[in-house]
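So in my numbering the end of the sequence shown lands on 864, straight run, no missing numbers. The C-beta atom is built at its ideal place from N, Cα and C for all residues, glycine as well.
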Amino acid sequence: VRTRTAPPPPDTQAPTAPGALSSPAQTSASVSLTWRAATDNVKVTVYRIYQDGVLIGTTNGTTVSFLATNLTASTGYRFTVTAVDAADNASAASNVLTASTKASLPPPDTQAPLAPAALSSPAQTTSSVSLAWNVATDNVGVTTYRLYRDGVQVGTVNAATTSFLVSGLTAGTSYRFTVVAVDAAGNASAASNELKVNTTSPADTQAPAAPDDLSSPEQTTTSVSLTWGAATDNVGVTTYRIYQDGVLIGTTNGTTVSFLATNLTTNTQYDFTVVAVDAAGNASAASKKLKVNTTSPADTQAPAAPDDLSSSERTTTSVSLTWSAATDNVGVTTYRVYQDGVEVGTVNAPTTSFLVSGLKADTRYDFTVVAVDAAGNASAASKKLKISTQAEAINPASASVPRDSLVLKPHRLFSPNGDGVDDEWKVEGMETCSDCQVMIYTRYGQPVFSAKPYRNDWNAGFQGQPLPQGAYYFVIKRPGFKDVTGSISLIR
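Okay, structure coming up:
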């Protein structure tokens, strides 16, 4: 007898409802779901996922997560989950979960910012360069600026900053800088304008050498022109300062070595110096002081005519003239002596006498004198002096004239050269004539020697200086006697 086993009773018990349905993440088109596993008297085999009451998917009984896709951005959805066993018993729905998708993402940004403009360097040192530029624009927004030195990136700053300090540089060196703007998507602009900048050189503390050869090639009544030799400097002279009597009166650039000092006073002395200055402000010592006089105004005023022209002595061949000094606004320098309208000699002021020689005995002559100043202005002639030479002539060639028992024999030449021979002019017989006066004149009539008595000691000196060689004329006077006259040859 075979025994048959009865089949098990059918499974009619549904699983428990899944619990704690939640959404750990959302996108603009999806919502991820998770839940706590349901229990069943036999076993859960399937989970059914519902979106707004519509079944959108299932998972096996061991998977407690699901990704709801193909959703609309920025939209709220209601989700539930039910558990199902093998007998197709379905649990009650889980808790209702309301979840929203996120907003749609914008399209990717592929537009680069515009290049930064107006890159400049407001300051430099020996080891750094500061940079500044204008804000760059972008369709979304600039986030960063990249700084490049000679093509190599040396730094970045955020978009709110439009300046940068590049440090660690070498003194006195040229560098090239650019700036690039970058947006959040990493789009980089074209480079800004390229800026070439030099770091500064080390501080210059060496002053230029003093200018030399300061001179004045020309002066007027109110100005003095100055020139000087260029000064040298380890870097370079940039300026010359010109001082007048210690006061700065002007400047020139470092390549100009001349200056015209103006607004000066006529016929006045000024002291000038020049100082060289370099770009660092280092000043040289002053040049040697130059003393310069402005000129006097052109003198066009002639002296007054000499007056009181008279003759103090006459001989058969000469006339001694004297006159009163003429006056002038500046000063008389010369007197011209005229005989019968012809100039016969000159004397330098202040001499106001002249010996006219070489005349004829017992002859009348007309004499005048004209005063001349340094500018060449000549006065009117003095009043004419009419005078005659004495009638009896003395022969100068003999140079020996008897006077009672007195015989004078003047020597015709002498040579005061210190050799002990004829160093003084001698007049033989002078020792017997203690009351004789000896006077000696140049060939222009200027007196150069007078002595009473004469001791044979004249060595051709005048005012402490030796006279030049040539012809000179003498007059020897003795009361009660006629004059002895003649010529002397001075040989050196």
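How would you label residue i, buried or exposed, when you count the other beta carbons within 10 angstroms and need 16 or more for buried?
{"i": "T578", "result": "The sequence shown places Gln at residue 578, not Thr. Label assigned to Q578: exposed."}
{"i": "S466", "result": "buried"}
{"i": "D855", "result": "buried"}
{"i": "R613", "result": "buried"}
{"i": "L519", "result": "buried"}
{"i": "R708", "result": "buried"}
{"i": "N511", "result": "exposed"}
{"i": "T645", "result": "buried"}
{"i": "T735", "result": "exposed"}
{"i": "L632", "result": "exposed"}
{"i": "G858", "result": "buried"}
{"i": "I863", "result": "exposed"}
{"i": "A455", "result": "buried"}
{"i": "L780", "result": "buried"}
{"i": "L537", "result": "exposed"}
{"i": "P485", "result": "buried"}
{"i": "V728", "result": "buried"}
Would you tell me roughly how many angstroms separate the C-alpha atoms of residue i and residue j, rounded to the nearest one?
{"i": "D776", "j": "N831", "result": "With a pLDDT of 46 at D776, under the threshold of 50, the modelled position of that residue is not reliable, and the figure given next carries that caveat. Their Cα atoms are separated by approximately 30 angstroms."}
{"i": "S595", "j": "G622", "result": "14 angstroms"}
{"i": "N442", "j": "A557", "result": "27 angstroms"}
{"i": "N359", "j": "A674", "result": "Outside the displayed span of the chain (373 to 864) sits residue 359, for which this structure offers no information."}
{"i": "N654", "j": "V607", "result": "11 angstroms"}
{"i": "N749", "j": "A697", "result": "16 angstroms"}
{"i": "D576", "j": "Q483", "result": "50 angstroms"}
{"i": "L491", "j": "A563", "result": "10 angstroms"}
{"i": "T497", "j": "Y547", "result": "13 angstroms"}
{"i": "G817", "j": "V847", "result": "12 angstroms"}
{"i": "S772", "j": "W797", "result": "For S772, the predicted model reports a pLDDT of 43, less than 50, meaning its position is unreliable; a value from the coordinates is still stated below. Rounded to the nearest angstrom, the two C-alpha atoms are 15 angstroms apart."}
{"i": "A602", "j": "G626", "result": "8 angstroms"}
{"i": "V691", "j": "S760", "result": "8 angstroms"}
{"i": "A471", "j": "V403", "result": "7 angstroms"}
{"i": "N720", "j": "T705", "result": "6 angstroms"}
{"i": "A504", "j": "A651", "result": "26 angstroms"}
{"i": "K838", "j": "D745", "result": "With the sequence shown as reference, residue 838 is identified as Pro, and Lys is not the correct amino acid for it. Going from the Cα of P838 to the Cα of D745 covers about 26 angstroms."}
{"i": "T447", "j": "T430", "result": "22 angstroms"}
{"i": "T640", "j": "T667", "result": "8 angstroms"}
{"i": "L598", "j": "T689", "result": "58 angstroms"}
{"i": "A765", "j": "R815", "result": "The predicted model places A765 with a pLDDT of 37, which falls under 50 and marks its position as unreliable, so this point remains unresolved."}
{"i": "A487", "j": "A475", "result": "32 angstroms"}
{"i": "T572", "j": "S630", "result": "31 angstroms"}
{"i": "V554", "j": "V647", "result": "55 angstroms"}
{"i": "F549", "j": "G523", "result": "8 angstroms"}
{"i": "K756", "j": "S725", "result": "15 angstroms"}
{"i": "Q809", "j": "K849", "result": "5 angstroms"}
{"i": "A763", "j": "N701", "result": "43 angstroms"}
{"i": "A440", "j": "D424", "result": "12 angstroms"}
Going by DSSP, name the residue or residues bridged to residue i.
{"i": "V468", "result": "According to DSSP, V468 bridges with nothing at all."}
{"i": "I614", "result": "G622, V646"}
{"i": "D576", "result": "Paired residue(s): none; D576 is not in a bridge."}
{"i": "S727", "result": "As written in the sequence, residue 727 is Leu, which differs from the Ser given in the question. Its beta-bridge partners are S692."}
{"i": "R521", "result": "V524, F549"}
{"i": "G513", "result": "None; G513 has no bridge partner."}
{"i": "K732", "result": "Per DSSP, none; premise fails for K732."}
{"i": "K474", "result": "BP columns for K474 are empty, so no partner."}
{"i": "G836", "result": "Paired residues: none, contrary to the question."}
{"i": "P782", "result": "V799"}
Identify the continuous beta strand (DSSP E) that holds residue i and give its terminal residues.
{"i": "V456", "result": "448-457"}
{"i": "T417", "result": "416-423"}
{"i": "Y844", "result": "842-849"}
{"i": "W600", "result": "596-601"}
{"i": "F853", "result": "Unbroken run through F853: none, as it is neither H nor E."}
{"i": "S366", "result": "With the chain covering 373 to 864 only, the question about residue 366 has no answer from this structure."}
{"i": "T406", "result": "403-408"}
{"i": "K758", "result": "757-760"}
{"i": "A866", "result": "Not covered by the structure: residue 866. The range shown for the chain is 373 to 864."}
{"i": "E566", "result": "Per DSSP, E566 belongs to no beta strand (DSSP E) and is neither H nor E."}
{"i": "M802", "result": "That residue, M802, is in no beta strand (DSSP E); it is neither H nor E in DSSP."}
{"i": "K663", "result": "662-665"}
{"i": "R827", "result": "Where R827 is concerned, there is no enclosing beta strand (DSSP E), given that its DSSP letter is neither H nor E."}
{"i": "D383", "result": "Note, D383: premise wrong, no beta strand (DSSP E); not H, not E."}
{"i": "D585", "result": "584-591"}
{"i": "R865", "result": "Here the chain has residues from 373 to 864 only, and residue 865 is not among them."}
{"i": "A392", "result": "391-398"}
{"i": "S499", "result": "No beta strand (DSSP E) holds S499; DSSP gives it neither H nor E."}
{"i": "I812", "result": "809-814"}
{"i": "S535", "result": "535-538"}
Say yes only if the C-beta of residue i is nearer than 6 angstroms to one or more non-hydrogen atoms of the ligand ADP, and no if none qualify.
{"i": "A490", "result": "As presented, the structure is devoid of all ligands, the ligand ADP included, so that no description of it is given."}
Do the stretch 436-453 and the stretch 390-401 make contact, defined as three or more Cβ pairs closer than 8 angstroms? Here the stretch 436-453 makes contact with the stretch 390-401; the two share three or more CB pairs at distances below 8 angstroms.
Is the stretch 418-426 touching the stretch 478-488, taking contact as three or more C-beta pairs under 8 angstroms? Result no; under three Cβ-Cβ pairs closer than 8 angstroms.
Counting Cβ pairs, one atom from each stretch, are 3 or more of them under 8 angstroms apart for the stretch 803-813 and the stretch 822-839? For the pair of segments examined, the stretch 803-813 was found to touch the stretch 822-839: the number of CB pairs separated by less than 8 angstroms reaches three.
If contact is defined by three or more beta carbon pairs under 8 angstroms, each pair taking one atom from either stretch, is the stretch 401-410 in contact with the stretch 455-472? At 8 angstroms Cβ cutoff, the stretches touch.
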